[in-house]
Amino acid sequence: MMHIDNEPIPRLHPIKWNNPKIDCSGFVELAAPDQPLENSFSDSMARRYSGIGGTVDDTALSDLLWHSSYCHPAGQTGRFDRPWYHSFPPAAAGLHSLGILCIPIQDQPISIYDRKAHRLNLLPNTEDARNENAANVRELANAKHGSTLQFFADPNELESCYENSTSLLWRDSGALATAISFVAAASGLTSVVLGRIGTKIIRIAGLDVPYLGFGAVHIGTPRSRPTSNEGL
């Protein structure tokens, strides 16, 4: 049982962590955006709303992931003698332990976004995960299109550096969800932060123990502002 009511404490002597392997069927290299985001913060907030949307194409997804989640190498060793990365959302010790499972409702590949290489690692045999996610998103947000960005992590990574590290992972999850929502608004996309953990869905997608779900954001392309009984 993981608790979030115990204070995290940095370990004086970090524990060795073995990065678990995820079997993928291939990958798709993504291109960095041609242009930076130019909307001001106030403009982005004025157009942001939690609403359902339509299908997100590959370019829009790539740009969103780059601006909100890509981890640039810092070129130096950080805390705990681990590689250090820069990204829009902060992360404990600069490790950016959260992964992003991309689950389109429509017939596009289900993949894991490699935040440190800007590419999609494709997962095999994931139609059951697509169906489970589609049913869950429909129940939570009345969404029938778009893509879900499900966060996951091996909690042992941060636990190897901090005692009582679970609250740090949930803090990082909130920061990542906020970053994705801000960038979605600036990019003209819709976003809904889903009230779910998501461990069941990552299991169906083939991510076994020790991985756990840590929240999700559903994104879409705008069609119209939701009515009073649509979206969240």
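Here the sequence shown stands for residues 46 to 277, where the numbers follow our numbering.
Glycine residues also receive a C-beta, built at the ideal position from the N, C-alpha and C atoms.
Predicted, not measured: the structure shown is a model, and the values here were computed from it.
By the 10 Å Cβ neighbour count, where 16 or more other Cβ atoms means buried, how is A137 classified, buried or exposed? buried
Beta-carbon within less than 6 Å of L110's beta-carbon, same chain only, minus the 5 sequence neighbours each way: which residues are those? Y158
DSSP three-state assignment for D159, whether helix, strand or coil: strand
Which of the three DSSP states, helix, strand or coil, is assigned to S205? coil
Report all residues from its chain with a CB closer than 8 Å to the CB of G258; omit the five preceding and five following residues, and keep chain order. Q195, F196, F197, R241, I242, G243, T244, K245, I246, I247
Look at the Cβ atom of N181, then the Cβ atom of L239, and state whether they are nearer than 9 Å. yes
How would you call S70, buried or exposed, if buried means at least 16 neighbouring beta carbons within 10 angstroms? exposed
Let me check understanding here. Comparing Cα to Cα, which of P53, Y115, Y130, A229 lies closest to A76? Y115
Through-space distance from A220 to W62, alpha-carbon basis: 24 Å
Length at least 3, wholly inside the region 57-143: the beta strand (DSSP E) runs in chain order: 71-74, 117-122, 128-131
Can you list, in chain order, the residues of its chain whose CB lies under 6 Å from that of V228, leaving out five sequence neighbours each side? L109, H112, S113
Beta carbon of L167 nearer than 9 Å to that of I155: yes
Helix, strand or coil at R268 [DSSP, three-state]: coil
On the three-state DSSP scale, how would you describe V237? strand
Give me the Cα-Cα distance between D217 and P53, rounded to the nearest whole angstrom. 13 Å
Which residues does DSSP list as the beta-bridge partners of G251? Bridge partners of G251: none, in fact.
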